[in-house]
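Chemist:
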Amino acid sequence: DLKLALEKAKDAGRKERVLVRQREQVTTPENINLDLTYSVLFNLASQYSVNEMYAEALNTYQVIVKNKMFSNAGILKMNMGNIYLKQRNYSKAIKFYRMALDQVPSVNKQMRIKIMQNIGVTFIQADREKMKKAFQKLITVPLEIDEDKYISPSDDPHTNLVTEAIKNDHLRQMERERKAMAEKYIMTSAKLIAPVIETSFAAGYDWCVEVVKASQYVELANDLEINKAVTYLRQKDYNQAVEILKVLEKKDNRVKSAAATNLSALYYMGKDFAQASSYADIAVNSDRYNPAALTNKGNTVFANGDYEKAAEFYKEALRNDSSCTEALYNIGLTYEKLNRLDEALDCFLKLHAILRNSAEVLYQIANMYLI
Numbered sequence: 001d002l003k004l005a006l007e008k009a010k011d012a013g014r015k016e017r018v019l020v021r022q023r024e025q026v027t028t029p030e031n032i033n034l035d036l037t038y039s040v041l042f043n044l045a046s047q048y049s050v051n052e053m054y055a056e057a058l059n060t061y062q063v064i065v066k067n068k069m070f071s072n073a074g075i076l077k078m079n080m081g082n083i084y085l086k087q088r089n090y091s092k093a094i095k096f097y098r099m100a101l102d103q104v105p106s107v108n109k110q111m112r113i114k115i116m117q118n119i120g121v122t123f124i125q126a127d128r129e130k131m132k133k134a135f136q137k138l139i140t141v142p143l144e145i146d147e148d149k150y151i152s153p154s155d156d157p158h159t160n161l162v163t164e165a166i167k168n169d170h171l172r173q174m175e176r177e178r179k180a181m182a183e184k185y186i187m188t189s190a191k192l193i194a195p196v197i198e199t200s201f202a203a204g205y206d207w208c209v210e211v212v213k214a215s216q217y218v219e220l221a222n223d224l225e226i227n228k229a230v231t232y233l234r235q236k237d238y239n240q241a242v243e244i245l246k247v248l249e250k251k252d253n254r255v256k257s258a259a260a261t262n263l264s265a266l267y268y269m270g271k272d273f274a275q276a277s278s279y280a281d282i283a284v285n286s287d288r289y290n291p292a293a294l295t296n297k298g299n300t301v302f303a304n305g306d307y308e309k310a311a312e313f314y315k316e317a318l319r320n321d322s323s324c325t326e327a328l329y330n331i332g333l334t335y336e337k338l339n340r341l342d343e344a345l346d347c348f349l350k351l352h353a354i355l356r357n358s359a360e361v362l363y364q365i366a367n368m369y370l371i
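What follows is the structure, encoded as structure tokens:
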């Protein structure tokens, strides 16, 4: 109940002001509870915002930001930027995001990346050059991960033991998470800007690929190429998609598996099951843990009528990724073909718990009850 929450926030504000006046009468101003005042004002601004009372929210945030007694209040300029973005006031949104960025210390890389991502999204509505500059700035955020320290430089047993010990310690896990987050932001930003920064989405992707190749994230260039091929597939430009994917098929195993997976799906849709099966084999051999590749292989076996074997591929896909809904759906269809109706129904009911509004799943459940 957003309106009730707003009323409660206003009431908290009134009570807090009364409390401040009473405290001022019996104690010195230095003993005023600034944390309480900050919390009340911040909550009120947040409630105004979710109730789409943006002017009131901005005014309340300004009260916090202008009060020099509140430490680190400047970061709230990001919230103000978010409001201006909702109001489609892009120039002010960018202005406040930049002010917020100036307030964030360089050690807080996650927050800086988040703000820069917001700037990039805002630039989508601005001119192309600004979008490009924002993407280039995002690319240059240093990860400060020293990969060399995880490689033993000598035959010294003690050094080797230390290197082995730190390969999977908490710091290394944090570094992996930070890198994964940065890569996610870069890929998302590229997907957003590629269709609009050049005369065509292909040219936009090419620009992003070249920028990424010249950065510390060079390995993402192949992922962007795959996204480009998938975009061609969605536009039903199959020849261009095949051309890109066949080039990527010659890359390292991870990229090769992803490219072959898409080629397999493409040939399957064209009912060329021999080619689909061949590329599914390449994808699986390149990455045995690729659930999409295993699902594709299962599909080609299913098309040939070998339902027991198809079920094994779908099961393996689910063992590698329990959230692979395509494999779960297909194994339900396979059990139906094998007349294992209770198991088929169980698959579709599990899928329904994940995809509550899927018409295809609801149809299959109804069909199971009719059989």
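Heads up, the sequence shown stops at 371 in the UniProt record's numbering, and the numbers go up one at a time, no gaps. Glycine included, every Cβ here is placed at the ideal spot set by N, Cα and C.
Just to confirm before moving on: does the CB-CB distance between Tyr217 and Ile113 stay below 8 Å?
Modeler: No, the pair does not count as a contact, with Cβ atoms beyond the cut-off.
Chemist: Give a yes or no on contact between the segment 176-185 and the segment 126-136, applying the rule of three or more CB pairs nearer than 8 Å.
Modeler: In short, these stretches do not touch, since the Cβ pair count stays below three.
Chemist: Considering only C-alpha positions, which residue in the set Val50, Glu198, Gln117, Glu177 is nearest to residue 380?
Modeler: The requested residue 380 is not part of the displayed model; the chain covers only 1 to 371.
Chemist: Compute the distance between the beta-carbons of residue 406 and Thr60, then report whether it is under 8 Å.
Modeler: The requested residue 406 is not part of the displayed model; the chain covers only 1 to 371.
Chemist: Start and end of the alpha helix (DSSP H) containing Asp287?
Modeler: Counting along the chain, Asp287 falls outside any alpha helix (DSSP H), and DSSP gives it neither H nor E.
Chemist: Among the candidates Asn108, Asp321, Lys3, Ala229, whose CA atom is the shortest distance from the CA of Tyr48?
Modeler: Tyr48 has its Cα closest to that of Lys3, out of Asn108, Asp321, Lys3, Ala229.
Chemist: Tell me whether Tyr217 sits in a helix, a strand or coil according to DSSP, three-state version.
Modeler: The answer is coil: DSSP assigns Tyr217 none of H, G, I, E or B.
Chemist: At the level of alpha carbons, what is the spacing between Ala259 and Glu249?
Modeler: Rounded to the nearest angstrom, the two C-alpha atoms are 5 Å apart.
Chemist: Taking CB distances under 8 Å as the criterion, tell me whether Leu362 reaches chain D.
Modeler: You won't find chain D in this structure, because it holds only one protein chain.
Chemist: Is the beta carbon of Leu266 closer than 8 Å to that of Val233?
Modeler: Sequence check: residue 233 is Leu here, not Val. Closer than 8 Å, so yes.
Chemist: Just mark Leu171 as buried or exposed, buried being the case when its beta carbon has 16 or more other beta carbons within 10 Å.
Modeler: It is exposed - the Cβ of Leu171 has fewer than 16 other Cβ atoms within 10 Å.
Chemist: Considering only residues of the same chain and omitting the five flanking positions on each side of Tyr314, which have a CB-CB separation below 6 Å?
Modeler: Result list for Tyr314: Gly298, Ala327, Asn330, Ile331, in chain order.
Chemist: State the CB to CB distance for the pair Leu143 and Lys179, rounded to an integer number of angstroms; the pair is presumed to be in contact (CB under 8 Å).
Modeler: Yes, Leu143 and Lys179 are in contact; Cβ-Cβ is about 6 Å, under 8 Å.
Chemist: Taking the continuous alpha helix (DSSP H) assigned at Glu312, which residues delimit it?
Modeler: Residues 307-320.
Chemist: Which value, in whole angstroms, describes the spacing of the CA atoms of Trp207 and Asn320?
Modeler: Near 35 Å, if we compare the C-alpha coordinates of Asn320 and Trp207.
Chemist: Could you tell me if Asp287 is buried or exposed, where buried requires 16 or more neighbouring beta carbons within 10 angstroms of its beta carbon?
Modeler: That one is buried.
Chemist: Report the CB separation of residue 372 from Phe42 in whole angstroms; it is logged as a contact under 8 Å.
Modeler: Residue 372 lies beyond the stretch modelled for the chain, which goes from 1 to 371, so this question has no answer here.
Chemist: Between Ala366 and Ala190, what straight-line distance do the alpha-carbon atoms span, to the nearest angstrom?
Modeler: So the alpha carbons of these two residues sit roughly 42 Å apart.
Chemist: Threshold first: 4 residues or longer. Then list the alpha helix (DSSP H) segments lying entirely within the segment 46-74, N to C.
Modeler: As far as the segment 46-74 is concerned, its whole alpha helix (DSSP H) runs of at least 4 residues are 54-66.
Chemist: Given this structure, state the Cα-to-Cα distance separating Ser71 from Met99, to the nearest angstrom.
Modeler: C-alpha separation (whole angstroms): 15 Å.
Chemist: The alpha helix (DSSP H) with Gln117 in it runs from where to where?
Modeler: Segment 109-123, the alpha helix (DSSP H) holding Gln117.
Chemist: By the 10 Å Cβ neighbour count, where 16 or more other Cβ atoms means buried, how is Ile354 classified, buried or exposed?
Modeler: By the 10 Å Cβ count, Ile354 comes out exposed.
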